[in-house]
Amino acid sequence: MADEHEESERIARCRNGDHAAFELLVQAHQRMVFSIIYRMTGSVSDAEDLTQETFLRAHQQLESFRGESKFSTWLGRIAVNLSLNWRAREGRRGEIHARWAQDAIVDGGAAGELPDELSRRVQAALQRLPGVQRAALILTAYENQSHAEAARALNCNEATISWRVFAARQKLKRWLKGVS
Amino acid sequence: MAERRVVNNSELDAILRKVRVPEPAPDFWETLPRLAANRSTAPRVPCHRTTSSWLKWAWAAGAFAAVVAAIVVIPWPSHERPSDLLASAKLVDEMLALFPSRLRAIVEDEKGMRVMLSDQRDVPASPPLYVRICDGHECASLVTFSGQEVQMAGRNLTVLSDTRGGIILEGKDLLWSSAQSFLTGKHLTIVAKSLDTTSM
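In the order they appear, the protein sequences are chains A and B.
With the numbering used here, the residue at position 155 of the first sequence is 155, and numbering never jumps.
With the numbering used here, the residue at position 197 of the second sequence is 197, and numbering never jumps.
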């Protein structure tokens, strides 16, 4: 992973139309962006599409990146917001995901689960959360963003993020009862 | 059977950290940087339609074809000619459901019935207006919305509704109002009404 100085140089080159610099930025952050979107959507194919869309948006909006946050935080913000909009567009599909998630939790076993099964159950539980709670939890728990950074990403205040994270964790604790 | 215990905060963190994200398609990581760089310089074009979009359009086209076929093919009883159908709000409602904000007019004249659609979703919502014009030889009917310019009985007409539910027709050699019944141009018989509140 490039250090911050190297990354700033790449961003500057990219602003000047250097394709190679943009490719390096994509390479450096693609897995992080894909992870966020997969956790938001629960769909690999949608995560592939939205990851690409995230980088296109980032390229278009690169002038607006002032370096006040890390580039990865800024990218995460685009990814989360695209995923939230995706949820709104795919409302019906979201309902299907939610039903599937509920079934998975009800049917899920308690002990001796394979890692795949654990991942499936946790992902199903994440999908059951309201989009804004899921986004807050993903940014703080998985992307290690502070509540202040997550608040900027989701365009709300810090107290709202704290409440959303708290509410999400309470629900997950109940839903993941017996999982270890 | 022992009741399952609710996980605590540190256990939840541990569980969340164990979760792995599935891998995308095998060549995804290799191709994405180049693909994103290429797309970032290409002019933006509308995304391809997804299968579900195509299904939606196929359904809409099928339903539209069924409505048109019903109008054209079914031998309507004399009291239920297409003109009468136009005057009923049901057909308009169905067409509006198929083409929201795109339906400009449904016209029936000597050439048959045709639907006029806007390319964009830019037709403002207003009560549907029914207009029938006869010139002594032929008649033409249409249902449209206030502000729409339509071709009818060989002339371009703008159909307007006023605040009291009256209807005004305006064209090159024609100015007609349902409220004042004045008319310029050659002799025509005109009937116009709002399909919400009748005004003759």
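Backbone N, C-alpha and C fix where the C-beta goes; we use that ideal spot for every residue, glycine too.
From a predicted model like this one, the values you see are computed outputs, not experimental measurements.
Beta-bridge partners of residue 193 of chain B (DSSP): B/130. Contact of residue 29 of chain B with chain A by beta-carbon distance below 9 Å involves 27, 30, 31 and 34.
The beta-carbon distance between residue 114 of chain B and residue 107 of chain B, rounded to whole angstroms, is 5 Å. This is short enough to meet the 8 Å contact definition. If you ignore the 5 residues before and after residue 62 of chain A, its C-beta comes within less than 8 Å of the C-beta of 11, 14 and 15, all in its own chain and listed in chain order.
Per DSSP, residue 167 of chain B is one residue of the beta strand (DSSP E) stretching across 167 to 171. Around the beta carbon of residue 42 of chain A, a 10 Å sphere encloses 16 or more other beta carbons of the protein chains shown; the residue is thus reported as buried.
Around residue 24 of chain B, the beta-carbon contacts reaching into chain A at under 9 Å are 34, 38, 44, 45, 47, 48 and 51. Taking every protein chain shown into account, the CB of residue 5 of chain A has fewer than 16 other CB atoms within 10 angstroms, so this residue is exposed.
Contacts between residue 122 of chain A and chain B, judged by CB atoms closer than 7 Å, involve 15, 16 and 19 in chain order.
At a cut-off of 9 Å between beta carbons, residue 143 of chain A makes no contact with chain B. When C-beta atoms of the stretch 65 to 82 of chain A are compared with those of the stretch 36 to 56 of chain A, three or more pairs fall below 8 Å, so the two segments count as touching. For residue 148 of chain B, the three-state secondary structure derived from DSSP is strand. Here residue 20 of chain B is exposed, its C-beta having fewer than 16 other C-beta atoms within 10 Å. Within chain B, no residue has its beta carbon less than 7 Å from that of residue 7 of chain A; the closest one is some 15 Å off. Secondary structure note for residue 136 of chain A: its alpha helix (DSSP H) is the uninterrupted segment 131 to 137. A distance below 7 Å between beta-carbons, with the five flanking residues on each side excluded, links residue 99 of chain B to the following residues of its chain, in chain order: 117. By the beta-carbon neighbour count (other beta carbons within 10 angstroms, threshold 16), residue 120 of chain B is exposed. In the structure shown, residue 155 of chain A adopts coil according to DSSP, grouped into three states. For residue 59 of chain A, the closest Cβ of chain B is nearer than 9 Å. By the Cβ test, the stretch 127 to 138 of chain A is in contact with the stretch 159 to 174 of chain A, since at least three Cβ pairs between them sit closer than 8 Å. By the C-beta density criterion, residue 175 of chain A is buried, having at least 16 other C-beta atoms within 10 angstroms. Distance between residue 137 of chain B and residue 61 of chain B, taken at the CA atoms: about 34 Å.
In this structure, residue 48 of chain A keeps its C-beta atom at 9 Å or more from the C-beta atom of residue 37 of chain B.
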